[in-house]
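*Asks:* All you need for this note's numbering is the position in the sequence shown, starting with 1, plus 2.
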Amino acid sequence: MPLPDRPHLPLRPLWLCRTCGTPWPCADARLTLLDEYAGDPVGLSVYLCGVLHEATADLHRLHPAERLDPAALFARFLGWARRRAMP
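Structure (structure tokens):
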């Protein structure tokens, strides 16, 4: 019997997907977010900006001696949505 679909939510403070274990937002989470915010790319960007802020704080607390790469975090949490939202 197939397992029911599970939502691809973040495991905080690690910011890995609870379902597939990849860095969140994973591909499935991105598709879900695009569907949830269909027609509202600004709303999606505002939401993802908040997530980026929370993730940066969590990841810094986990690894205070490590320098986080702002460009990589932007691409991971926000950059993908901007590219897809443009006509």
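By construction, the Cβ of each residue, glycine as well, lies at the ideal position given by its N, Cα and C atoms. If you're wondering where the values come from, they're calculated on a predicted model, not measured in any experiment.
1) If you follow the alpha helix (DSSP H) that Asp-30 is part of, which residue opens it and which one closes it?
2) Does DSSP put Leu-18 in a helix, in a strand, or in coil?
3) DSSP three-state label for Leu-11, please.
4) Look up Pro-43 in the DSSP assignment and say whether it is helix, strand or coil.
5) So for Pro-25, helix, strand or coil by DSSP?
*Replies:* With the given structure in hand:
1) If you number the sequence shown from 1, residue 30 lands on position 28. It spans 29 to 38 - the alpha helix (DSSP H) in which Asp-30 sits, taken as one unbroken run.
2) Residue mapping note: residue 18 aligns to position 16 of the sequence shown, counting from 1. Here Leu-18 sits in strand by DSSP.
3) Working through the sequence shown from its first residue, we reach residue 11 at position 9. If DSSP states are grouped into helix, strand and coil, Leu-11 belongs with coil.
4) As a first step, residue 43 must be located in the sequence shown, where it is residue number 41. Here Pro-43 sits in helix by DSSP.
5) What you label residue 25 is simply residue 23 of the sequence shown in a count that begins at 1. Reduced to three states, the DSSP call for Pro-25 is strand.
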